[in-house]
Amino acid sequence: MRLLLVEDEMEMASALMEALVQRGNIVDHVATIELAREALLWKVHEAVLLDRQLPDGEGLHLLAEIRERGIHIPVIILTAHNEPSDRVQGLDEGADDYIGKPFLADELMARLRAASRRASTYASNLLSEGNVSIDLTSMQVEIDGNPLQLPRREVLVLKALLKRSGKAVLRRSLEEALYGYEDEIQSNALDSHVSKLRKKLVDAKASVTIESIRGLGYILKAV
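Each residue of the sequence shown is one higher than the last, beginning at 5 in the numbering used here.
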């Protein structure tokens with residue numbers, strides 16, 4: 005899973021990141037609400053681990069913003085404030101779970117898996133924009149209901165762009181979606197995948213376009 009950890013206690017954050025990475029996760033760490041906002045804008049995360057007491061505000065305020073923006077990924081509150089009233093407040097604000105410090109990494113992973121299962125129960129299996137859709141179960145792409153055969157990496161590019169339709173997606177984020185740690189990435193590989201995908205979408209009369217953002221990445225827009 006790709007996780008966003010919002011925690012200002014550096015010793016705890018380092019230990020938690022190490023434990024989560026050892027268990028097969030990718031972890032982006034920030035220490036403030038402002039940096040968390042930026043991370044949520046530019047990257048696609050599968051869950052958020054959120055401390056309540058942060059240098060620039062109350063973590064629950066960020067949680068409220070996340071829900072107001074229509075971001076429905078699991079959010080688990082990590083905090084020393086573990087009284088029943090605190091837990092009730094966090095859950096009422098939209099948290100998926102609430103775990104008091106200290107805790108075991110294995111317990112946190114179990115709670116993450118449970119929250120992800122609950123979220124997937126309600127999430128649609130389709131990503132779509134205009135007449136373009138991807139079935140997330142089969143990874144089949146369709147234009148106006150007609151199958152469009154694409155290589156795996158072009159499907160992954162389209163999936164990443166559809167997830168943030170109308171918003172910029174950084175080159176680095178796209179490369180992370182396409183390649184593993186041990187893959188050798190050629191400097192123009194991503195551009196080649198995007199160029200081929202763009203042409204196929206045009207040829208199939210897709211009602212979306214992929215625009216380049218110089219020095220930053222790409223954005224998928226409805227046309």
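We treat Cβ as the ideally placed atom computed from N, Cα and C, and that holds for glycine.
query: Tell me, please, which residues DSSP counts as bridged to Asn150.; result: Ile147
query: Could you please give me the residues that DSSP links to Val31 through a beta bridge?; result: Leu7
query: Throw me the rounded Cβ distance for the Glu38 and Asp60 pair, which I believe falls under 8 angstroms.; result: 6 angstroms
query: Taking contact to mean 3 or more Cβ pairs, one atom from each stretch, closer than 8 angstroms, check whether the region 160–167 and the region 113–124 are in contact.; result: no
query: Could you check which residue in Ser177, Leu194, Lys171 and Leu154 has the C-alpha nearest to that of Asp207?; result: Leu154
query: Express the C-alpha separation of Arg71 and Gly134 in angstroms, rounding to a whole number.; result: 24 angstroms
query: Assign Thr141 to buried or exposed, taking buried as 16 or more other Cβ atoms, counted over all protein chains shown, within 10 Å of its Cβ.; result: exposed
query: Going by beta carbon distance, what residues of the same chain come within less than 7 angstroms of Ala3, once the five residues before and after it are set aside?; result: Residue 3 lies beyond the range of the chain shown here (5 to 227); nothing can be said about it.
query: Have a look at Ala181, Ile103 and Leu130 and flag the residue whose alpha-carbon is nearest the alpha-carbon of Ile30.; result: Ala181
query: Taking the straight line between their C-alpha atoms, what separation do you get for Gly221 and Ser89?; result: 44 angstroms
query: Mind checking Gly94: buried by the 16 CB within 10 Å criterion, or exposed?; result: buried
query: Apart from the five residues on each side of it in sequence, which residues of its chain come closer than 7 angstroms, Cβ to Cβ, to Asn86?; result: Gly104
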